[in-house]
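Report on one structure; see the data block that follows.
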Amino acid sequence: MKSDSVAMTSLAGERKQGTVGIFGTGDFGRSLGLRLLQAGYEVVFGSRDPKNSALVAKGSKVMTHTEAAQMAQVIFIAVQRDYYDFLTSLTPALEGKVLVDISNNLKRGQFPQSNAEYLSSLVPGASVVKGFNTVSAWALQSGALDASRQVLVCGDDPKAKQAVVDIAHSLGLSAQDRGSLGAAGELEDIPLQLFPNWRLPLLIATGLTAFFFFYLLIRDVFYSYVVDGKDRSFRIMISLANKVFPIVSLTMLALCYLPSVLAAILQLYNGTKYKRFPDWLDRWMLCRKQLGLVALALAFLHVIYTLVIPIRYYVKYKIAASTISQSKDNVTKPFDNTMAWREDSYYSLGILGFGLYVLLGITSLPSVSNALNWREFRFVQSKLGHVTLLFCTAHALLYGWDKFLRPYKWCMPPGYMLSLVVPCVVLVSKLILIMPCVDCAITRIRQGWERPTKGTALSKGTTQQRLMA
Amino acid sequence: MKSDSVAMTSLAGERKQGTVGIFGTGDFGRSLGLRLLQAGYEVVFGSRDPKNSALVAKGSKVMTHTEAAQMAQVIFIAVQRDYYDFLTSLTPALEGKVLVDISNNLKRGQFPQSNAEYLSSLVPGASVVKGFNTVSAWALQSGALDASRQVLVCGDDPKAKQAVVDIAHSLGLSAQDRGSLGAAGELEDIPLQLFPNWRLPLLIATGLTAFFFFYLLIRDVFYSYVVDGKDRSFRIMISLANKVFPIVSLTMLALCYLPSVLAAILQLYNGTKYKRFPDWLDRWMLCRKQLGLVALALAFLHVIYTLVIPIRYYVKYKIAASTISQSKDNVTKPFDNTMAWREDSYYSLGILGFGLYVLLGITSLPSVSNALNWREFRFVQSKLGHVTLLFCTAHALLYGWDKFLRPYKWCMPPGYMLSLVVPCVVLVSKLILIMPCVDCAITRIRQGWERPTKGTALSKGTTQQRLMA
Amino acid sequence: MKSDSVAMTSLAGERKQGTVGIFGTGDFGRSLGLRLLQAGYEVVFGSRDPKNSALVAKGSKVMTHTEAAQMAQVIFIAVQRDYYDFLTSLTPALEGKVLVDISNNLKRGQFPQSNAEYLSSLVPGASVVKGFNTVSAWALQSGALDASRQVLVCGDDPKAKQAVVDIAHSLGLSAQDRGSLGAAGELEDIPLQLFPNWRLPLLIATGLTAFFFFYLLIRDVFYSYVVDGKDRSFRIMISLANKVFPIVSLTMLALCYLPSVLAAILQLYNGTKYKRFPDWLDRWMLCRKQLGLVALALAFLHVIYTLVIPIRYYVKYKIAASTISQSKDNVTKPFDNTMAWREDSYYSLGILGFGLYVLLGITSLPSVSNALNWREFRFVQSKLGHVTLLFCTAHALLYGWDKFLRPYKWCMPPGYMLSLVVPCVVLVSKLILIMPCVDCAITRIRQGWERPTKGTALSKGTTQQRLMA
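Residue numbers (the UniProt record's numbering), protein chains in the order written: chain A, 1 to 469; chain B, 1 to 469; chain C, 1 to 469.
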């Protein structure tokens with residue numbers, strides 16, 4: 001909600017000039033008109049049928065396209081691309097005007113030429129600016145509280161762009177210049193994106209979930225059906241889900257911290273930080289936040305699935321049956337102190353790990369992470385992150401406890417064992433990396449030191465120059 | 001925390017000019033003075049008793065009002081409206097100055113004339129700007145991290161407004177121009193607002209909660225007291241609450257998605273999108289977010305109320321009693337596989353529904369929704385929202401299961417049945433609306449197509465013109 | 001993500017001028033170069049070894065330092081302070097240029113002179129601007145979504161600063177002027193801060209947790225070992241933790257509301273609001289938010305620790321043992337209606353209190369609190385806060401119920417009693433403060449009234465003047 005001083009001056013100017021034009025009285029045109037009126041602009045709608053003005057906001061005028069074009073310096077084209085050709089007939093009236101192309105397409109690459117460039121070719125005498133296409137009519141109407149308030153603009157005429165940026169600012173929107181009109185195609189693609197950073201993490205989560213689901217389905221349901229002849233299919237809904245979710249969650253949490261371990265190893269191996277990481281590692285590092293958040297969502301489900309256990313029919317039935325049989329047999333099992341310690345430690349570690357996990361999640365909310373400095377952000381995401389991983393791994397290890405040595409069913413190790421592979425690799429590697437000698441070497445490399453390549457004996461002076469290079 | 005380049009230049013200018021004046025050494029005056037000093041301004045306080053300067057920040061000067069007025073171009077009036085009349089005596093000294101009215105009233109419409117207009121009438125030679133009244137002394141003091149950092153300004157003199165906007169920017173606050181001084185009354189009302197968008201949703205929630213509470217009180221407590229003579233009043237605290245909350249939550253979640261269904265039906269009926277929705281529907285659509293968040297809060301309570309069940313005395317007592325009686329009677333109930341399936345599915349659907357629900361809630365946090373583009377926001381709030389509604393409705397249906405056919409107590413159907421009415425209406429309508437033929441018609445209408453009104457045979461060309469109108 | 005209109009114009013200017021220079025091809029230099037390229041700048045890297053250009057972004061040029069200095073008006077010095085002295089040899093080429101010092105130190109006060117001032121002394125002919133040191137290479141690379149996007153700049157030459165601010169804006173970062181180059185030392189310390197506001201609250205939480213842990217360890221574990229000879233050490237993991245967390249949480253929640261009570265009492269005692277609070281009270285008031293959030297984290301752990309109770313081995317064992325013994329003895333305990341009421345009320349109050357608590361936590365997220373006006377913020381944090389405290393205190397009181405009169409073990413009252421001390425003090429004080437007569441006096445003082453000091457009989461006129469002073 002900015003409107004900087006320059007916007008204000010030119011806004012005052014606009015007010016004297018009078019008007020902003022809008023061609024088209026659709027949703028977006030009407031919402032924009034209303035908002036412009038509220039911000040103090042005069043608004044004229046260009047319409048084929050100026051009498052049909054029932055829907056536009058009170059205070060705005062509806063006239064023919066030609067009349068509207070004459071009254072306003074900046075004109076928003078709130079019409080679909082298919083109908084742009086009517087503008088050719090208005091060419092004389094639009095000479096020297098700023099036309100704002102706000103259109104979006106239905107899918108990527110629908111047209112070879114971007115809408116804004118097409119518009120520019122139709123009305124060569126006007127300055128076309130692409131902008132406002134990332135803002136929804138809804139955001140304009142509801143006071144810009146939902147969805148993005150950022151207006152991205154591009155265009156070839158700096159003054160025309162500035163006029164549009166000024167209008168954006170005076171509407172309480174923020175604006176960013178994205179270069180020449182050649183970037184219009186890119187801007188038109190933005191509203192068509194659907195969580196591009198989340199694809200890989202969600203794909204990994206789906207893949208792992210599917211794999212472990214079928215793995216455990218075979219191990220827990222099919223096995224007991226084939227070997228014991230018991231129908232345990234009801235386990236799918238909760239018991240199985242509550243195994244799959246934590247396994248995938250722990251693995252994904254570890255996958256968040258694996259790339260930085262790999263990066264450190266690569267840097268140690270290369271003896272320099274001035275060598276680019278392989279592409280896949282770069283991509284992996286850029287989606288760590290999303291990986292972590294998906295893992296947190298699964299951990300959240302695991303927590304509720306676990307807490308729901310004692311109200312399940314199956315569990316209540318089993319406990320009653322066991323109590324009744326003990327009561328009948330007149331044999332009371334002795335209290336097992338080790339068991340009590342182990343179970344409580346196991347739960348306690350899980351709870352603390354989950355608490356830290358939620359903290360990590362909260363810290364990655366944009367407004368929170370924005371309030372942290374770089375050191376604080378790193379402290380939370382790296383130090384606390386590794387502690388979280390440690391707690392969750394210990395939680396899984398204690399869950400296993402003495403089950404590690406039990407014979408496998410059909411040569412399939414239990415799920416929790418598989419879930420421990422990646423976390424243990426990460427934790428052990430990290431442990432090695434933070435040992436004083438190794439840590440020292442990495443710090444030196446990260447501060448710019450390079451291992452002299454074979455056969456080259458660099459003098460100290462040369463190394464120093466190199467660091468500045 | 002912006003301070004754009006222009007602000008910087010004029011800030012540098014201000015520094016040469018020297019000073020900003022503040023009349024009044026109350027909380028706000030002092031906090032503002034400190035903040036201005038930190039931003040590099042010279043600060044002079046105008047005071048009746050310049051020696052009484054113990055409390056103002058170090059580095060600022062305290063002098064008489066006249067002296068202060070002479071030294072500063074911009075003067076903040078941090079004095080209550082009741083004491084404005086002393087300014088009349090300073091008229092000559094204030095000639096041509098910018099006076100910033102930062103005052104607020106205790107209640108709406110306390111005075112017929114806004115404070116800023118009253119100030120302007122007292123000192124006609126000065127340019128009055130209304131501003132900073134929405135910022136708290138606390139926000140200024142604590143580094144603007146809590147509550148709003150947005151400064152809204154209005155005034156008749158663009159240059160005076162710009163000077164105030166510059167100061168706001170240099171203090172790390174954002175600013176928005178709200179027009180002429182006539183808008184001052186509106187700005188003075190803003191700090192008196194108390195969640196205006198939340199009223200309707202909270203009213204609905206309270207109404208539904210009260211209704212279902214008494215409905216279930218009669219059904220679950222009074223009925224068993226009258227018919228069975230049992231005192232079940234202890235159920236009020238948890239059992240009853242845990243029925244009321246999910247019922248209201250599910251109904252309200254459905255109420256979030258009902259208006260868009262109604263809108264689609266209206267558009268289909270009208271055969272055009274160029275007809276305004278009735279006012280109540282517009283209002284309803286604008287508070288969907290709040291409806292959903294209240295419903296989420298109730299769902300959250302429902303989850304904890306449910307998870308707390310097994311540690312309740314009543315539940316533990318009942319389980320022990322049932323186990324003991326089975327043990328005595330020597331009859332073991334057989335394990336019911338269907339029951340296990342049904343209960344587990346019921347819990348699982350509820351958990352997944354709640355997980356999605358929390359996701360919807362997180363996505364409506366301003367900083368998160370701001371980072372989404374329009375398509376992503378719609379995907380989450382519409383697609384995921386309907387899936388959430390589907391899961392939660394299925395959860396309630398499975399909870400009912402075979403109880404649907406049981407006889408009613410006192411002709412009162414159980415609560416969960418009532419909670420299913422609105423969700424089922426929404427889901428069935430939605431199902432009809434996304435059927436290819438209907439969906440196709442709606443999409444056409446939303447793209448601008450209009451059903452030709454009777455008797456008018458529009459040529460294709462005319463329709464096309466119409467779309468652009 | 002702002003780039004205001006001025007930035008845009010000068011950006012267009014920059015484009016004609018051609019280039020921004022970067023000395024150094026380390027992480028930060030390369031990330032910055034890439035981002036500048038994306039924003040439409042020409043980028044030249046100054047390097048000792050221009051052929052070693054494998055790593056810089058495509059489109060940028062690598063040349064010798066002298067060549068680069070000649071081509072660019074603004075040059076970022078992405079080199080560590082230790083290597084600054086090579087710049088002395090470039091003095092002629094750097095005459096009149098803007099040098100941006102982006103360096104950070106490894107610890108506070110590492111050097112007596114700030115890096116930027118040192119740079120300025122080395123190249124006196126250039127205008128040095130400190131800036132961009134609070135932004136991480138990571139933030140630049142990943143699109144500025146994580147960690148802070150705020151660029152703080154300081155410098156002695158306003159035009160040079162403006163040029164840097166313009167670049168920041170065009171990169172989608174926000175900028176704030178922090179005064180002359182003398183402030184550079186302060187700016188260099190910012191990235192070294194680690195949660196300064198959280199220290200005191202975390203210290204309090206740690207202290208209280210340690211105290212109550214050992215207190216309860218003696219009372220619950222040592223006592224039963226010494227007196228009864230039973231090993232109850234397994235209780236440490238959950239039972240003990242689940243006593244310590246709520247006790248500390250409730251005490252800390254009360255500590256959030258104690259300072260405002262103390263402040264009101266002080267104001268009443270002083271008879272004026274124009275007397276500064278003692279320093280410790282000011283500091284305490286400024287960390288209330290953090291106190292509350294730490295308390296919320298502990299309450300969150302308490303909730304999960306409580307919900308996990310029924311799946312603990314110890315609890316299941318005890319329940320089974322009790323059921324079996326009842327079954328054997330053939331004695332069924334009668335259902336205790338009061339007990340059911342009390343337990344359910346106790347849980348219900350805790351759940352509602354926790355719900356409100358979470359609401360308070362959500363409201364203190366920067367983006368949420370930013371969207372509230374002052375009155376709304378105060379309503380939530382003060383009114384709802386006190387209701388939360390009331391619910392949680394009632395929850396603890398009901399937990400105690402009839403245990404209050406039981407004999408103490410080793411003269412140590414149970415933990416929950418200790419946890420009630422501060423909350424009860426706060427609630428009773430608050431109750432007294434909101435009684436009409438007291439409330440009236442405080443309101444008068446807060447509106448500016450002062451109790452006439454002894455011996456001074458102020459006329460009404462004088463008081464009025466005083467208020468304005």
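Positions of the beta carbon are idealized from the N, C-alpha and C atoms, including for glycine.
Here the structure is a predicted model, which means the values were calculated and not measured.
Opposing strand residues paired with residue i [DSSP bridges]
{"i": "LYS61 of chain C", "result": "C:VAL44"}
{"i": "THR443 of chain A", "result": "DSSP output for THR443 of chain A lists no bridge partner at all."}
{"i": "GLY21 of chain A", "result": "A:VAL44 and A:ILE75"}
{"i": "LEU152 of chain A", "result": "A:GLN176"}
{"i": "LYS130 of chain A", "result": "A:ASP101 and A:CYS154"}
{"i": "LYS409 of chain B", "result": "B:MET412"}
CB contact check: residue i to chain A, cutoff 8 Å
{"i": "LYS328 of chain C", "result": "yes"}
{"i": "ALA160 of chain B", "result": "no"}
{"i": "LEU307 of chain B", "result": "yes"}
{"i": "ALA371 of chain B", "result": "yes"}
{"i": "ASP344 of chain B", "result": "yes"}
Inter-residue spacing [alpha-carbon to alpha-carbon] between residue i and residue j
{"i": "LEU384 of chain A", "j": "ARG288 of chain A", "result": "15 Å"}
{"i": "ILE167 of chain A", "j": "LEU349 of chain C", "result": "52 Å"}
{"i": "GLN465 of chain B", "j": "VAL438 of chain B", "result": "For GLN465 of chain B, the predicted structure reports a pLDDT of 39, less than 50, and the residue's modelled location is therefore unreliable. A value from the coordinates is still provided. Those two C-alpha atoms are separated by around 25 Å."}
{"i": "PRO410 of chain C", "j": "VAL303 of chain C", "result": "The residue you asked about is not Pro; residue 410 of chain C is Trp in the sequence shown. Approximately 29 Å between the Cα atoms of the pair."}
{"i": "MET417 of chain C", "j": "PHE245 of chain C", "result": "14 Å"}
{"i": "ALA396 of chain A", "j": "LYS107 of chain B", "result": "59 Å"}
{"i": "LEU433 of chain C", "j": "TYR257 of chain C", "result": "13 Å"}
{"i": "VAL221 of chain B", "j": "ALA394 of chain C", "result": "25 Å"}
{"i": "LEU286 of chain B", "j": "PRO201 of chain B", "result": "11 Å"}
{"i": "TYR399 of chain C", "j": "TYR357 of chain C", "result": "19 Å"}
{"i": "PHE377 of chain B", "j": "ALA137 of chain A", "result": "13 Å"}
Minimum Cβ-Cβ distance from residue i to chain B less than 8 Å
{"i": "ILE167 of chain A", "result": "no"}
{"i": "ALA210 of chain A", "result": "no"}
{"i": "TYR347 of chain C", "result": "yes"}
{"i": "LEU365 of chain A", "result": "yes"}
{"i": "PHE76 of chain C", "result": "no"}
{"i": "ALA321 of chain A", "result": "yes"}
{"i": "MET339 of chain C", "result": "yes"}
Close Cβ partners of residue i (< 7 Å) along its chain, the five nearest in sequence each way excluded
{"i": "ALA116 of chain A", "result": "ASP101, VAL128, LYS130, LEU181 and ALA184"}
{"i": "PRO50 of chain C", "result": "VAL62, MET63 and THR64"}
{"i": "VAL56 of chain B", "result": "THR25, ARG30, GLY33, PHE45 and VAL62"}
{"i": "GLN80 of chain C", "result": "SER103"}
Close Cβ partners of residue i (< 6 Å) along its chain, the five nearest in sequence each way excluded
{"i": "ILE309 of chain A", "result": "VAL315"}
{"i": "TRP449 of chain A", "result": "none"}
{"i": "MET412 of chain B", "result": "ARG219"}
Contact with chain C by residue i, beta-carbon distance below 8 Å
{"i": "PRO310 of chain A", "result": "yes"}
{"i": "residue 498 of chain A", "result": "Because chain A is modelled from 1 through 469, residue 498 of chain A falls outside the range shown and cannot be assessed."}
Chain-ordered chain F contacts of residue i [CB-CB under 9 Å]
{"i": "ASP156 of chain A", "result": "As a matter of chain content, chain F is missing from the structure shown, whose protein chains are A, B and C."}
| What residue ranges within the segment 166-236 of chain C form continuous beta strand (DSSP E) runs of no fewer than 3 residues, ordered along the chain? | 174-177
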